[in-house]
Amino acid sequence: MIIEAWHPIWGGGQSHVFELSKKLISNHGCKIDVFVMNLQDENGNIQKNIEEFEDGNLRIIRTGKARNFNSFTDRLSWIFEVVSEVKSNHKKEKYSLIHAHANLPGIPGKILRDQLKIPVIYTIHGNGANSMVDMYGKNLKSLILSIIENFLHTKIKYDAEISVDRLTSEKPNKNKRISVISNGVDIEKFENVNIAKDSTKIKFIFVGRLHKQKGLDYLLTAVSKIKNELPINAEFHIIGSGELEKHLMQKCIDLDIKNLFKFRGKIYNADLIREYKSSNIFILPSLYEGQPLTLLEAWAARLPVIATDVGDNKYFVKNEINGYLVPAKNITALSKAILKSLNNVYIQTMGENGFDFVKNNHTWDIVAKQTYEIYSKTLQ
Numbered sequence: 015m016i017i018e019a020w021h022p023i024w025g026g027g028q029s030h031v032f033e034l035s036k037k038l039i040s041n042h043g044c045k046i047d048v049f050v051m052n053l054q055d056e057n058g059n060i061q062k063n064i065e066e067f068e069d070g071n072l073r074i075i076r077t078g079k080a081r082n083f084n085s086f087t088d089r090l091s092w093i094f095e096v097v098s099e100v101k102s103n104h105k106k107e108k109y110s111l112i113h114a115h116a117n118l119p120g121i122p123g124k125i126l127r128d129q130l131k132i133p134v135i136y137t138i139h140g141n142g143a144n145s146m147v148d149m150y151g152k153n154l155k156s157l158i159l160s161i162i163e164n165f166l167h168t169k170i171k172y173d174a175e176i177s178v179d180r181l182t183s184e185k186p187n188k189n190k191r192i193s194v195i196s197n198g199v200d201i202e203k204f205e206n207v208n209i210a211k212d213s214t215k216i217k218f219i220f221v222g223r224l225h226k227q228k229g230l231d232y233l234l235t236a237v238s239k240i241k242n243e244l245p246i247n248a249e250f251h252i253i254g255s256g257e258l259e260k261h262l263m264q265k266c267i268d269l270d271i272k273n274l275f276k277f278r279g280k281i282y283n284a285d286l287i288r289e290y291k292s293s294n295i296f297i298l299p300s301l302y303e304g305q306p307l308t309l310l311e312a313w314a315a316r317l318p319v320i321a322t323d324v325g326d327n328k329y330f331v332k333n334e335i336n337g338y339l340v341p342a343k344n345i346t347a348l349s350k351a352i353l354k355s356l357n358n359v360y361i362q363t364m365g366e367n368g369f370d371f372v373k374n375n376h377t378w379d380i381v382a383k384q385t386y387e388i389y390s391k392t393l394q
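The numbering of the sequence shown is our numbering, which starts it at 15 and goes up by one.
Laid out in structure tokens, this is it:
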């Protein structure tokens, strides 16, 4: 497998690759090397070159020089480094196929397919091309990013393409074999964590990168519009880090809602599950998504959700059954949904409905089975 970012950057794509790999190994007898960028953390430190999991059947291989993920030239340079590294490892033990995960790894995946004569599968973790202007403005940057993403998703011919949402299959595409396989969640991990909710608080939780994609500016504005209608014990916990952190903190001051928001930084694993399970309502105001992993995690924690109608959310969020679905960028609708969630006597039932939905349809075992079937067909 090839994916650009890895620790210290961690999001839905990284979780998808890690959890999928573990299930492919335990349930289907695979052996997997995951090639990633050799990223520096905020202190300039780098991780071990190779980390092993699952009795050595899963290796995380950091390739090339120490790189900065925010440098586009570093990311382009890494393409050549990862091609060389995969070819070197292929000589020692032959790979059956390459599974590249969006976005940029589609290029080394295609190069390696042609050079090693083995199939490449490409997974799209969300289509952001139509939202670039919303995130970056109408400028050259948004135009270039849209062109690159569209090229990687639809103009390169892979042996098979997987998307976490339905949007890819609705666009003109050089690839005809497109399968939709959503993210998954480990229900058992959530069930094994027990923590009581604080009855003195009403805790909203957001989990994700502090990036324009996630629509947090709209959430802050929406909360500022209804701050006088909120209960005195309402809190909004923002879990994650990113380039917008200082901007969002300053905006809370400017809007006089600093007392309502708590910026918690990065939280992982069991600690993150405890944050979910100690919360009352999950909120995701994104401008675009594929199929957000955090939505499934919130339901695994039996939380009702408030989410925007982007990506495949409309196929998951059933209004007033397991959550509330609102239009993206609609501050009024988001404000109303927040107030509605506070006054709904059936709000806990909505969370239970979400739990039943993911337990029956969206576990990592199911995702791994569907993915392995594509591997098998591709190798026939």
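All C-beta atoms, glycine included, are put in the ideal place defined by N, C-alpha and C.
query	result
With DSSP as the reference, label S183 as helix, strand or coil.	helix
So, is V359 buried or exposed, given that buried needs 16 or more other C-beta atoms within 10 angstroms?	exposed
Can you tell me the Cβ-Cβ gap for S196 and V178, rounded? I've got them flagged as a contact below 8 Å.	5 Å
Does DSSP put F371 in a helix, a strand or coil?	helix
Using a Cβ distance threshold of 8 Å, determine whether the stretch 155-172 contacts the stretch 48-55, with at least three qualifying pairs required.	no
When you compare only the Cα positions, how much space is there between H30 and A312?	16 Å
Express the C-alpha separation of S238 and G254 in angstroms, rounding to a whole number.	21 Å
Closer than 6 Å by C-beta to N242: which residues in its own chain qualify, once you throw out the five before and the five after it? Chain order, please.	none
Less than 8 Å between the beta carbons of I112 and I132, yes or no?	yes
By the 10 Å Cβ neighbour count, where 16 or more other Cβ atoms means buried, how is A284 classified, buried or exposed?	exposed
Helix, strand or coil: which one does DSSP assign to I320?	strand
Under DSSP, the beta strand (DSSP E) around T137 begins and ends at which residues?	134-138
Is the Cβ-Cβ distance between A321 and F204 less than 8 Å?	no
Where in the stretch 168-220 do unbroken runs of the alpha helix (DSSP H), each at least 4 residues long, occur, reported from the N-terminal end onward?	181-184, 201-205
Only counting runs of 3 or more residues, tell me where the beta strand (DSSP E) segments fall wholly within the stretch 39-91, in order along the chain.	46-53, 64-67, 72-81
Pair every Cβ in the stretch 288-302 with every Cβ in the stretch 206-224, then say whether three or more of these pairs are closer than 8 Å.	yes
Determine the direct distance from the alpha carbon of M364 to that of N374, and round the result to whole angstroms.	16 Å
Pairs of beta-carbons, one from the stretch 70-89 and one from the stretch 39-46, closer than 8 Å: are there three or more?	yes
Between the Cα of E95 and the Cα atoms of Y109, H115, L126, which residue gives the shortest distance?	L126
Touch check for the stretch 338-349 and the stretch 214-228: three-plus C-beta pairs under 8 Å?	no
Please give me, in chain order, every unbroken run of the alpha helix (DSSP H) with length at least 4 that falls completely inside the stretch 276-344.	283-291, 307-314, 327-330
Would you call the CB atoms of I135 and I162 closer than 8 Å?	no
Across the stretch 326-333 and the stretch 166-176, are there enough close Cβ pairs to call them in contact, namely three or more that are closer than 8 Å?	no
Mind checking which residues open and close the alpha helix (DSSP H) that includes E259?	259-268
Thinking C-beta only, is H115 closer than 8 Å to I16?	yes
Compute the Euclidean distance between the alpha carbons of F32 and E65, then round it to the nearest angstrom.	12 Å
Is any heavy atom in the ligand GDP found nearer than 7 Å to the beta carbon of M364?	In terms of ligand content, the structure shown is empty, and the ligand GDP therefore cannot be addressed.
Measure the CB-CB distance between E249 and K272 and report whether it falls below 8 Å.	no
Can you pull the DSSP bridge partners for E249?	K217
Would you check if the distance between the CB atom of Y302 and the CB atom of G151 is smaller than 8 Å?	no
Quick one: is I153 buried, meaning 16 or more other Cβ sit within 10 Å of its Cβ, or exposed?	The displayed chain sequence assigns Asn, not Ile, to residue 153. Looking at its Cβ environment, which holds fewer than 16 other Cβ atoms inside 10 Å, N153 is exposed.
For H113, does the three-state DSSP call read helix, strand or coil?	strand
Roughly how far, in whole angstroms, is the beta-carbon of K101 from the beta-carbon of L130, given that I think they are within contact range, below 8 Å?	7 Å
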